[in-house]
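Accompanying notes for the structure given below.
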Amino acid sequence: MAGGSPCRFIDTNVLLYAYDLESPRKRARAKGIVARGWEMLGESAISVQVLQELQVNLERKKVSRGEIHQLIDDLSVWPVVDNTLMILKMALAEQVRWHLSLGDAMILAAARSVGVSELVTEDFSHGQNYGGVRAVNPFR
Numbered sequence: 284m285a286g287g288s289p290c291r292f293i294d295t296n297v298l299l300y301a302y303d304l305e306s307p308r309k310r311a312r313a314k315g316i317v318a319r320g321w322e323m324l325g326e327s328a329i330s331v332q333v334l335q336e337l338q339v340n341l342e343r344k345k346v347s348r349g350e351i352h353q354l355i356d357d358l359s360v361w362p363v364v365d366n367t368l369m370i371l372k373m374a375l376a377e378q379v380r381w382h383l384s385l386g387d388a389m390i391l392a393a394a395r396s397v398g399v400s401e402l403v404t405e406d407f408s409h410g411q412n413y414g415g416v417r418a419v420n421p422f423r
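Reminder that position 19 of the sequence shown reads as 302 in the working numbering, one-by-one numbering, no gaps.
Have a look at this one:
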């Protein structure tokens, strides 16, 4: 999306499924989403939190740190939302409004901060509109 802002935000679980050998259906779907992120560079956003969670979870799956660091470097060309005090304050409001955990509220706040209309995730209620950001579960 050259010159425009991202239209969707990709949550950690979607990226993790792209490397999950135990769920072939979800892996195939997730790989398609990630591939589109590369084809339409700038269309899909992530956050520093997503990259942090990705690193922790891939390490648990025994992926080498070198591979993880390369993946994070690669994904860093996507629009990446920094964890800031503003995002935290937005997340605290999202947490109260939508009854979310702080981690999920941080994801929603990061997504909202870049003006996306879709949050691609398995962790939110599919189809629910969170004040202009609609949750989409790609594995349904």
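For glycine and all other residues, C-beta sits at the position ideal for the given N, C-alpha and C.
Per-residue DSSP class, three states only, for residue i
| i | result |
| --- | --- |
| I355 | helix |
| S327 | strand |
| L383 | coil |
| A301 | coil |
| V363 | strand |
| A285 | Because A285 carries a pLDDT of 43, less than 50, the predicted location of this residue cannot be relied on, and no value is offered for it. |
Chain-order list of residues whose beta-carbon lies under 7 Å from that of residue i (same chain, five-residue window excluded)
| i | result |
| --- | --- |
| P289 | G325, E326, S327, A328, P362, V397, V399 |
| L358 | I329, L334 |
| R395 | M373, V416 |
For residue i, the nearest candidate out of the options (CA to CA)
| i | options | result |
| --- | --- | --- |
| L341 | L298, D356, L383 | L298 |
| D365 | G349, S347, I316, M389 | M389 |
| T295 | S384, V331, R380 | V331 |
| R423 | R312, L368, N412 | R312 |
Residues near residue i by beta carbon distance below 6 Å, same chain, minus five either side
| i | result |
| --- | --- |
| N257 | Because the chain is modelled from 284 through 423, residue 257 falls outside the range shown and cannot be assessed. |
| G287 | none |
| A310 | The sequence given here has Arg at residue 310, not Ala. Only Y300, D303 meet the Cβ criterion. |
| I351 | Q338, L341 |
| K314 | A301 |
Boundaries (first-last residue) of the beta strand (DSSP E) holding residue i
| i | result |
| --- | --- |
| R291 | 291–293 |
| V403 | 401–403 |
Whether residue i touches residue j by CB criterion (9 Å)
| i | j | result |
| --- | --- | --- |
| A418 | L402 | yes |
| L391 | F407 | yes |
Endpoints, alpha helix (DSSP H) assigned at residue i
| i | result |
| --- | --- |
| V419 | Element bounds for V419: not the alpha helix (DSSP H) but the beta strand (DSSP E), 417–419. |
| K345 | Note, K345: premise wrong, no alpha helix (DSSP H); not H, not E. |
| V317 | 307–322 |
Same chain only: Cβ atoms within 8 Å of residue i, ignoring 5 sequence neighbours per side
| i | result |
| --- | --- |
| G320 | I293, E326, S327, W361 |
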